[in-house]
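Report on the following structure.
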Amino acid sequence: MRNMTRLCSTKPILTVNGKFPGPALYVREGDNVIVKVVNHVPHNVTIHWHGIRQIRTGWYDGPAYITQCPIQPGSSFLYNFTVIGQRGTLFWHAHINWLRATVHGAIVILPKLGVPYPFPAPHKEAVVVLGEWWKADTETVINQAMQLGVGPNISDSHTINGHPGPMSDCASSQDGFKLDVENGKTYMLRIINAALNDDLFFKIAGHKLTVVEVDAVYTKPYETDILLITPGQTTNVLVTTDQSAGRYLISVSPFMDAPIQVDNKTGTATLHYANTVSTTARLTLFQPPPQNATPIASKFVESLRSLNSKEYPANVPQTVDHSLFLTIGVGVNPCPNCINGTRVVGTINNLTFVMPSTPILQANYYNIPGVFTEDFPVTPPHKFNYTGSGPKNLQTMNGTRVYRLPYNASVQVLLQDTGILSTESHPIHLHGFNFFVVGRGVGNYNPKTSPSTFNFIDPVERNTIGVPNGGWTAIRFRADNPGVWFMHCHFEVHTSWGLKMVFVVDNGKGPSETLIPPPKDLPQC
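Mapping to UniProt numbering: the sequence shown position 414 is 414, numbers consecutive.
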């Protein structure tokens, strides 16, 4: 625990090695990574290595009660995994309750020695972590909301590398993160959205951004003046410093195109040219886009494509062995002790996921009965006009149900947003795999006409995708990684409410297709 002051208000927060954001991990593709996590706080903790495939090493993936019991106060756990076939920017974060609010940091995977980037090498690189800050204790915020059955209080500020920045309440013009640059060079920014509940727009006054990678997968270079990054996503951009001397505003502001309250504060930082006198130089500003700027968000998402080069091909599954149609959204269940007599819940195919007390990976490995069932519904049990006004009955079923996949099966998941309470966008994250985003659309998915719009050649490949408000997204992946893999909304509030599910992937043939045995120091519950 460390005391931190932001927005003129001090509170104790969980930190890693005393830092917020936590330390960046620098590794190379192919490296074996060993991280000892020691818990010195009065909370149970786990760490998830977000986007790392964890091929055959699912014991180290990190989501509490899915792959491991949490590390209890005073205990430790050695995470041990190899980075296989990945290079780029990912991040690590706590994966229990809302602790990831402050327990997070970058993972920078450099290419193998001697392997160049598939774009001109930048002069310098910088890590830019976007987050949210609450003046209140975040565990108290979600615990109160869960007790009352309502939405939690929104954050007080957005942050860039841990700071609300020079434009925030009670800040001076010198506050916040400062990116020092020289004129006429190209810089690579590794941008991570570590916020809990907000999709974020990112922009630098007077400068174009060229996207070259998302979620540690190279893309075709895409030039834009604004980025949209959902929680759980990372984006690498090249910035050419082609302006004259001066100071330029860097801003991060929310995207929310549904009638749902979000923190509307803009987090800021400065891009600072060398030879600029900071006290007198004018700061070049701009208006962030409106919070509900759907066209800007859609244009950005639809412009991204896999690089799909000879060295970095897009191996999109062309056939489908397992097809799932999932409605995602928020429902309402009775709750006698809650404020309105009801509780807001998250739902996939009308199922609100209940966390077990024994981790599912152990239960599956040791055949422990009574922890989960294998009757996860592959299609919605109730058909209705999904993006319309919603069904008459807003109730969901509760259960710890999983979907089992044979090794190497090709899988298509159709994610359909629903207006049970209100349609809204959902950033869906899949552990253990990257997937290809083969299609997206507005309104209800139509199995007859929608597939004709799919891209099987160079769709973007990622680990987290925003399902559009009142729309759908189709993803495909190959189940070539044995283990137990969580899929959930990366809005932390929706995960708390139960918008989550689990895939169990069977072993293949031989040791190279088999989950390793559990480590000796695996935490006990």
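From the three backbone atoms N, C-alpha and C, an ideal C-beta is built for every residue, glycine too.
Residues that residue 403 bridges to, as DSSP identifies them
The partner list for residue 403 (beta bridge, DSSP) reads 503.
Between residue 179 and residue 104, which are expected to be in contact by the criterion C-beta below 8 Å, what is the C-beta distance as a whole number of angstroms?
The C-beta separation of residue 179 from residue 104 comes to about 20 Å, leaving the pair out of contact by the 8 Å criterion.
Between the CA atoms of residue 211 and residue 496 - distance to the nearest angstrom:
Their Cα atoms are separated by approximately 32 Å.
Identify which residue in 481, 503 and 494 has its Cα closest to the Cα of residue 378.
It is 503.
Inter-stretch contact (C-beta, 8 Å, three-pair minimum) for the segment 225-245 and the segment 387-395:
No, the segment 225-245 is not in contact with the segment 387-395.
Pull up the distance between the alpha-carbon of residue 324 and that of residue 368, whole angstroms please.
Approximately 27 Å between the Cα atoms of the pair.
Using the rule of at least 16 other Cβ atoms within 10 Å of the residue's Cβ for burial, across every protein chain shown, is residue 1 buried or exposed?
It is exposed - the Cβ of residue 1 has fewer than 16 other Cβ atoms within 10 Å.
Scan the segment 185-224 and note each continuous beta strand (DSSP E) run of 3 residues or more that stays entirely inside, going in chain order.
Scanning the segment 185-224 from its first residue to its last, the whole beta strand (DSSP E) runs of 3-plus residues come out as 186-193, 199-204, 209-214 and 217-224.
According to DSSP, is residue 520 helix, strand or coil?
Residue state, collapsed to three classes: coil.
Report the CB separation of residue 248 from residue 206 in whole angstroms; it is logged as a contact under 8 Å.
With a contact defined as Cβ atoms closer than 8 Å, residue 248 and residue 206 qualify at about 5 Å.
Taking Cβ to Cβ, would you say residue 355 is nearer than 9 Å to residue 64?
Between residue 355 and residue 64, the C-beta gap is smaller than 9 Å, which places the two residues in contact.
Quick check on this structure: which residue in 244, 44 and 31 has the alpha carbon closest to the alpha carbon of residue 113?
Nearest C-alpha to residue 113: 31.
Could you tell me if residue 429 is buried or exposed, where buried requires 16 or more neighbouring beta carbons within 10 angstroms of its beta carbon?
Buried: at least 16 other Cβ atoms inside 10 Å.
Classify residue 351 as helix, strand or coil using the three-state DSSP reduction.
Residue state, collapsed to three classes: strand.
Counterpart residues of residue 416 in DSSP-defined beta bridges
Answer is 327 and 472, bridged to residue 416.
Contact set for residue 83: own chain, Cβ-Cβ below 7 Å, skip 5 residues either direction:
So the list reads 27, 29, 30, 31, 33, 52 and 109, once near-sequence residues are dropped.
Only counting runs of 3 or more residues, tell me where the beta strand (DSSP E) segments fall wholly within the segment 246-331, in order along the chain.
Taking only runs of at least 3 residues, the beta strand (DSSP E) segments lying wholly in the segment 246-331 are 247-255 and 267-273.
The alpha helix (DSSP H) that contains residue 422, what's its start and end?
First-last for residue 422: undefined, no H or E at that position.
Assuming residue 154 contacts residue 262 (C-beta within less than 8 Å), just tell me the rounded distance between them.
Separation of the CB atoms of residue 154 and residue 262 is rounded to 6 Å, and the pair is thereby assigned contact status at 8 Å.
Specify the secondary structure class of residue 157 as computed by DSSP and reduced to three states.
The three-state reading of DSSP puts residue 157 in strand, counting E and B together.
If I'm right that residue 443 touches residue 466 with Cβ under 8 Å, what's the distance once you round it to whole angstroms?
About 16 Å separates the beta carbon of residue 443 from that of residue 466, a gap too long to meet the 8 Å contact definition.
Among 505, 56, 435 and 173, whose alpha-carbon lies nearest the alpha-carbon of residue 282?
Answer by Cα proximity: 173.
Tell me which same chain residues have a C-beta within less than 7 Å of the C-beta of residue 102, skipping the five on either side of it?
Here residue 102 has 13, 14, 15 and 20 as same chain residues with Cβ atoms under 7 Å from its own Cβ, once five neighbours each way along the sequence are excluded.
Exposure of residue 456, with buried meaning 16 or more beta-carbon neighbours within 10 Å
Note on residue 456: under 16 other CB atoms within 10 angstroms of its CB, so exposed under the neighbour-count rule.
Tell me the DSSP secondary structure of residue 146 in three-state form.
Three-state result, residue 146: helix.
Run through the segment 48-76 for me and flag every whole beta strand (DSSP E) of 3 or more residues, listed as ranges in chain order.
Uninterrupted beta strand (DSSP E) stretches at least 3 residues long and entirely within the segment 48-76 do not occur.
By a C-beta neighbour count over all protein chains shown, 10 Å radius and 16 as the cutoff for buried, is residue 529 buried or exposed?
A question about residue 529 goes unanswered here, because the residues of the chain that appear run from 1 up to 525.
Express the C-alpha separation of residue 149 and residue 337 in angstroms, rounding to a whole number.
Spanning the two alpha carbons is a distance of roughly 9 Å.
Quick one: give me the first and last residue of the beta strand (DSSP E) that residue 110 is part of.
Secondary structure note for residue 110: its beta strand (DSSP E) is the uninterrupted segment 104-110.
What is the DSSP secondary structure of residue 40, counted as helix, strand or coil?
Coil, per DSSP.
Does residue 494 come out as helix, strand or coil in the three-state DSSP assignment?
Helix, per DSSP.
Using DSSP with H/G/I as helix, E/B as strand and the rest coil, what is residue 100?
Correct three-state label for residue 100: helix.
Inter-residue Cα distance where the pair is residue 417 and residue 115:
Taking the straight line joining both Cα atoms gives about 41 Å.
Length of the line joining the Cα atoms of residue 147 and residue 340:
Cα to Cα, residue 147 sits roughly 12 Å from residue 340.
Classify residue 494: buried if its beta carbon has 16 or more other beta carbons within 10 angstroms, exposed otherwise.
With 16 or more Cβ atoms within 10 Å of its Cβ, residue 494 is classed as buried.
Helix, strand or coil for residue 140, going by three-state DSSP, please let me know.
In the structure shown, residue 140 sits in a helix (DSSP, three-state: H, G or I).
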